[in-house]
Amino acid sequence: MESVGLEQVLAWIREIAARVEEQRSYLTQLDSAIGDADHGINMNRGFKAVLERLEATPPADIAGAFRTVAMALIGKVGGASGPLYGTLFMEMGKAAGDRATLDGQGLAEVLRAGIDGVKARGKAAEGDKTMIDVLEPAHAALSAAVASGAGLEEALQKAEAAAKEGMEATIPLVARKGRASYLGERSAGHQDPGATSSHLMVAAASEVWGE
Amino acid sequence: MESVGLEQVLAWIREIAARVEEQRSYLTQLDSAIGDADHGINMNRGFKAVLERLEATPPADIAGAFRTVAMALIGKVGGASGPLYGTLFMEMGKAAGDRATLDGQGLAEVLRAGIDGVKARGKAAEGDKTMIDVLEPAHAALSAAVASGAGLEEALQKAEAAAKEGMEATIPLVARKGRASYLGERSAGHQDPGATSSHLMVAAASEVWGE
Amino acid sequence: MKKLINQVDDVVRDELEGIAAAHPHDVRVNYHPFYITRADAPVEGKVALVSGGGSGHEPMHGGFVGMGMLDAACPGEVFTSPTPDQMLEATKAVSGGAGVLHIVKNYTGDVLNFEMAADLASDEGIEVESVVVDDDVAVQDSLYTAGRRGVGATVLAEKICGAAAEEGRSLSEVADLCRRVNGQARSMGMALSSCTVPAAGQPTFDLGEDEMEIGIGIHGEPGRERMKAAGSAEVVELLTGPILDDGPIASGDNVLAFVNSMGGTPLIELYIVYRDLHNYLQERGVTITRNLIGPYITSLEMQGASITLLKLDDDLTRLWDAPVKTPGLRWGV
Amino acid sequence: MKKLINQVDDVVRDELEGIAAAHPHDVRVNYHPFYITRADAPVEGKVALVSGGGSGHEPMHGGFVGMGMLDAACPGEVFTSPTPDQMLEATKAVSGGAGVLHIVKNYTGDVLNFEMAADLASDEGIEVESVVVDDDVAVQDSLYTAGRRGVGATVLAEKICGAAAEEGRSLSEVADLCRRVNGQARSMGMALSSCTVPAAGQPTFDLGEDEMEIGIGIHGEPGRERMKAAGSAEVVELLTGPILDDGPIASGDNVLAFVNSMGGTPLIELYIVYRDLHNYLQERGVTITRNLIGPYITSLEMQGASITLLKLDDDLTRLWDAPVKTPGLRWGV
Ligand SMILES: Nc1ncnc2c1ncn2[C@@H]1O[C@H](COP(=O)(O)OP(=O)(O)O)[C@@H](O)[C@H]1O
Ligand SMILES: Nc1ncnc2c1ncn2[C@@H]1O[C@H](COP(=O)(O)OP(=O)(O)O)[C@@H](O)[C@H]1O
Ligand SMILES: [Mg+2]
Ligand SMILES: [Mg+2]
Ligand SMILES: [Mg+2]
Ligand SMILES: [Mg+2]
Chain A
1 MESVGLEQVL
11 AWIREIAARV
21 EEQRSYLTQL
31 DSAIGDADHG
41 INMNRGFKAV
51 LERLEATPPA
61 DIAGAFRTVA
71 MALIGKVGGA
81 SGPLYGTLFM
91 EMGKAAGDRA
101 TLDGQGLAEV
111 LRAGIDGVKA
121 RGKAAEGDKT
131 MIDVLEPAHA
141 ALSAAVASGA
151 GLEEALQKAE
161 AAAKEGMEAT
171 IPLVARKGRA
181 SYLGERSAGH
191 QDPGATSSHL
201 MVAAASEVWG
211 E
Chain B
1 MESVGLEQVL
11 AWIREIAARV
21 EEQRSYLTQL
31 DSAIGDADHG
41 INMNRGFKAV
51 LERLEATPPA
61 DIAGAFRTVA
71 MALIGKVGGA
81 SGPLYGTLFM
91 EMGKAAGDRA
101 TLDGQGLAEV
111 LRAGIDGVKA
121 RGKAAEGDKT
131 MIDVLEPAHA
141 ALSAAVASGA
151 GLEEALQKAE
161 AAAKEGMEAT
171 IPLVARKGRA
181 SYLGERSAGH
191 QDPGATSSHL
201 MVAAASEVWG
211 E
Chain C
1 MKKLINQVDD
11 VVRDELEGIA
21 AAHPHDVRVN
31 YHPFYITRAD
41 APVEGKVALV
51 SGGGSGHEPM
61 HGGFVGMGML
71 DAACPGEVFT
81 SPTPDQMLEA
91 TKAVSGGAGV
101 LHIVKNYTGD
111 VLNFEMAADL
121 ASDEGIEVES
131 VVVDDDVAVQ
141 DSLYTAGRRG
151 VGATVLAEKI
161 CGAAAEEGRS
171 LSEVADLCRR
181 VNGQARSMGM
191 ALSSCTVPAA
201 GQPTFDLGED
211 EMEIGIGIHG
221 EPGRERMKAA
231 GSAEVVELLT
241 GPILDDGPIA
251 SGDNVLAFVN
261 SMGGTPLIEL
271 YIVYRDLHNY
281 LQERGVTITR
291 NLIGPYITSL
301 EMQGASITLL
311 KLDDDLTRLW
321 DAPVKTPGLR
331 WGV
Chain D
1 MKKLINQVDD
11 VVRDELEGIA
21 AAHPHDVRVN
31 YHPFYITRAD
41 APVEGKVALV
51 SGGGSGHEPM
61 HGGFVGMGML
71 DAACPGEVFT
81 SPTPDQMLEA
91 TKAVSGGAGV
101 LHIVKNYTGD
111 VLNFEMAADL
121 ASDEGIEVES
131 VVVDDDVAVQ
141 DSLYTAGRRG
151 VGATVLAEKI
161 CGAAAEEGRS
171 LSEVADLCRR
181 VNGQARSMGM
191 ALSSCTVPAA
201 GQPTFDLGED
211 EMEIGIGIHG
221 EPGRERMKAA
231 GSAEVVELLT
241 GPILDDGPIA
251 SGDNVLAFVN
261 SMGGTPLIEL
271 YIVYRDLHNY
281 LQERGVTITR
291 NLIGPYITSL
301 EMQGASITLL
311 KLDDDLTRLW
321 DAPVKTPGLR
331 WGV
């Protein structure tokens, strides 16, 4: 496909929820090493609520879908990832506006707005060992591919690859933001849980939209 | 020897102290199974105090030596065994009176008085899984041997053998007195710690006086 | 063994120095022999309350010394009853001329040592009454055994009798009250883990990852029965069933519900236990009108909890509500 | 995992039901969303104090709701900060017209969620000030990091600011006071064992039989450093050294010394730690004039302790001594 509509966006969100459920203990385990052992639990609680709300009141458009995700995460996740992922989707919703579909270009714009929101709220920069270390390279790869005329499938594959690289690149980093920063040097050598859940979201997109 | 004087009595007390020190963890371990894991600790604390006081103010006679042991145990052991062993030696001291030496006959009389004191205070009978299950048979064997004209060495060997038997006979018993009684049926299958320390005292006598 | 202590043999003395340093206005600590008295002891004309027992049950008893509760407490070594000389000296130190009540938990060691102390005190002309607390339904009572252990009811008896003594009641009245509290209270406890006596250096018993002990005492003794670990609601049934079956508390009664931590179980769990106890009693027509929730009679760092129910009447309720000011229990002042 | 709980997902709700059943006269519990308010809220004309954070730290914060301390507390899931809707609803429920102070522990989650809540509350016309507590010297402070954690000073700030609010001080005065308490307090903690998050089912970290973690937080996070387990006196040095090195407290000062259990460490050990702290400070010319000893800001059943020192002046001392009546802290009434 060359652009995604409400249906595809909902499919993506459901795929994220499924993967979070399936990887919840892995995410929690990563958080045990440098955090407080709840990231998988938090994300799973949040996306369960997302599915319920999408069921209860089906959104009218893409912006509505993102807003529903945002409100559910903000209301149910708690912790750092709740407001941060909540902000990500909230800003993506605002940027989507009344568009009925998003092509590669549109996806890049929407993601950009989301990432800026996360940075404004969390004050993290690349290299701080957070979800930003996945979201930024994923966005960069996506827009570069789109600019060079690549199709959505290829662009998303590039984004996923960059996200994976960014996720693994958090391992040697010393955390400067979030709970892991309290460990100082001891935070090095562990993959960041939020970077891992961010990669999960990008990978889900490349799978469900990558045809 | 056919009778013991102050010197031999003091040697016996020192031998008890040495054996308690050496068996303290064994006694505590027995108390872990059916009690509160302190019998060896209690006895060791008590007999350390006994040695100090015998050092500080050497007793003038056998009665004085027993009284010193009694006061040290009552003042330092605590728990059930403190007042009980304290009473044992207190009554032995009273019974010893002004005698300068004790022969087999005399030892049996003194021990009898001590056991009666323990029973009066603790209300335990034979078969309740306590020190009484060692002290009574030891006394019975001692006086029987003495009555049949046996020498002190042989009489003490018989007493030690009976004490050992009584100690091991506590294993199958269900405790009716002391902490172990709280376990009900679960107290069966374990050797009673106080019976074990009582056997230690009889065995110490048969070693130091058994020449 | 990992504990925040220094030398194993100094545990009790170090603790007493901490108490003395922390509460100089409330209590005074005597070191030769060990005992703790309220700072204003002796209180002339007031019946004095003396209790004591092995250490390792903090805040009981030392933490309950002060206005409205105990006049003195005698700490023994960990889990080992104190000795008669401590009880005698403490009794003399707090005797205010109106007699002294010894509140004794029913353990052979405590009973025998307090007996000796009471004899010695009477020899010195001090009027002493002793009440033995034995509220633990986990132990079958019988003429031929040492009987039941004294556990949670001890805390309640010390608070209520302390208030009665402040009111100026006589020794025999306070002693009768203590017997009444003991008669109307029942307890049972359980453990999820053992505890380690410092001098022993290793856990008193071992429990599997999925096991619990039901019917434990407060000295790390194993309980009556070992079973598969269960949830809070089921544990509440296992403990409260025997308490109600034992007699004094029946449908229609008002009770004080005391949910106690054995030392290592945190408040978040105690509140869940309290919730399940509240529901369990409600279904059976028993109404909780007062409660106490927290670690008050502990077994070192043991994980587990005990439940104590005391049948209340107006007199007991009023005495429970009366002001108390001790390091471990405080209200109304 | 062995805990006295029922369903893992119901832990917080079950606990709240227990609190509601136990303290009906002191607090009210709201379930949709979760928050606890004092029973007489809103108090007209009084600055309202709202705090909150993940559960598992009991009695903080819910146990500190009541006269003289917090007006409301928002409990999140275990170790997970609550959500903005809880904070908003709690803020609205206790707002008495004089403004609302949000006392926030410095964790990214708590800060971000309280930020969102404060924005929403202002939109609804409620004046909100937020103070972020960050007293943990185990974490190096820096502009480029999340900064220091909020730990023990939170309890002291809630008590002292609660008293100031009862006195009728204005929102900006109470907020300034809160910043002053935070500025004059420092803390550091250590663990002898990890804790188990119910939903995770296994210990957050593993410690060897002879190891301890120094510089832990209150969420079962591993600490700054793992070292060989040491005795109380050495641990006191390891914790108090960095506290004194950090600045505000110096020789000649009077301090409030707060010796806190992480949940699984019993009182007998806390008093030994207090004794060693008392001696350590005495040698350095620092005088303890007030103290708090017990489990007040915990990490589930974790074994360990933390030390908090607050430099006192007459105003802070008077506010500390002022009456307080909450399930977790009570005196003077
Ligand atoms: N300031 C921040 N900016 C961006 N992401 C952050 C920030 N702080 C934390 N995170 C992300 O949040 C993740 C932790 O989320 P979670 O465990 O759910 O929350 P908490 O740390 O409150 O328990 C971290 O792995 C990190 O990727
Ligand atoms: N009533 C009693 N009569 C005689 N001996 C007793 C009685 N009660 C307990 N004992 C003895 O005391 C021993 C326990 O001593 P100890 O462990 O030092 O005291 P405690 O039980 O108070 O910890 C038991 O093994 C038993 O032999
Ligand atoms: Mg986390
Ligand atoms: Mg014992
Ligand atoms: Mg004992
Ligand atoms: Mg968290």
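First to last, the sequence lines map onto chains A, B, C and D.
Residues in the first sequence are numbered consecutively from 1, following the working numbering.
Residues in the second sequence are numbered consecutively from 1, following the working numbering.
Residues in the third sequence are numbered consecutively from 1, following the working numbering.
Residues in the fourth sequence are numbered consecutively from 1, following the working numbering.
Cβ atoms here follow ideal geometry from the backbone N, Cα and C, with glycine treated the same way.
Per-residue contacts from residue i into chain A (C-beta, under 9 Å)
i: D:T298; result: Going along chain A, no residue has its Cβ under 9 Å from D:T298, so there is no contact; the nearest lies around 14 Å.
Residue-chain proximity (residue i, chain C), Cβ-Cβ < 8 Å
i: D:V11; result: yes
i: B:I41; result: yes
i: B:S32; result: yes
Listed by chain order, chain C residues near residue i by CB distance under 7 Å
i: B:G35; result: E221
i: B:P83; result: L112, N113, M116
i: D:G147; result: Here the premise fails: no neighbours, minimum Cβ distance about 27 Å.
Contacts that residue i makes with chain B (C-beta to C-beta distance below 7 Å)
i: C:Y144; result: R176
i: C:F79; result: D36, D38
Below-8 Å beta-carbon distance, residue i vs any chain D residue
i: A:S197; result: no
i: A:T68; result: no
i: C:V273; result: yes
i: C:H278; result: yes
Helix, strand or coil at residue i [DSSP, three-state]
i: D:D136; result: strand
i: C:F205; result: coil
i: A:A150; result: coil
i: C:R284; result: coil
i: C:F79; result: coil
i: B:G5; result: strand
i: B:A204; result: helix
i: D:T91; result: helix
i: A:R121; result: helix
i: D:T289; result: strand
i: D:Y35; result: strand
i: D:D26; result: coil
i: C:A250; result: coil
Chain A contact for residue i (CB, 8 Å cutoff)
i: D:E173; result: no
i: D:V133; result: no
Under 8 Å from the C-beta of residue i: neighbouring residues of chain A
i: D:Q7; result: Within chain A, no residue comes near D:Q7; the closest Cβ sits about 14 Å away, beyond 8 Å.
Chain-ordered neighbours of residue i on chain D, where CB pairs are closer than 8 Å
i: C:D206; result: What C:D206 touches in chain D: nothing, since even the nearest Cβ is about 13 Å away.
Within chain C, the residues that residue i reaches when beta carbons sit closer than 9 Å
i: B:I74; result: T83, P84, D85, N113, M116
Cross-chain neighbours of residue i in chain B, by beta carbon under 8 Å
i: C:T336; result: Here chain C comprises residues numbered 1 to 333, so residue 336 of chain C is not present and cannot be evaluated.
Per-residue contacts from residue i into chain C (C-beta, under 8 Å)
i: B:R112; result: Those within 8 Å of B:R112 in chain C number zero; the least Cβ separation is about 21 Å.
i: D:R330; result: R330, W331
i: B:G166; result: What B:G166 touches in chain C: nothing, since even the nearest Cβ is about 20 Å away.
i: D:D212; result: One detail in the question is off: residue 212 of chain D reads as Met in this sequence, not Asp. Near D:M212 (Cβ distances below 8 Å), the residues of chain C are K2.
C-beta neighbour in chain B for residue i, strict 8 Å
i: C:T154; result: no
i: C:Q140; result: yes
Chain D residues whose Cβ lies nearer than 9 Å to that of residue i
i: C:T265; result: K3, L4, G263, G264, E301
For ligand 3, which residues count as neighbours when the test is a C-beta closer than 5 Å to any heavy atom? A:D31, A:G35, A:D36, A:D38, A:H39
Could you tell me which whole beta strand (DSSP E) segments of length 3 or greater appear in the segment 179-239 of chain D? 185-191, 211-214, 225-228
If you scan the segment 105-179 of chain C from start to end, which runs of the beta strand (DSSP E) of 3 or more residues do you find wholly inside it? 128-133
Of all the alpha helix (DSSP H) runs that stay within the bounds of the segment 132-178 of chain A, which reach a length of 4 or more residues? 132-147, 152-169
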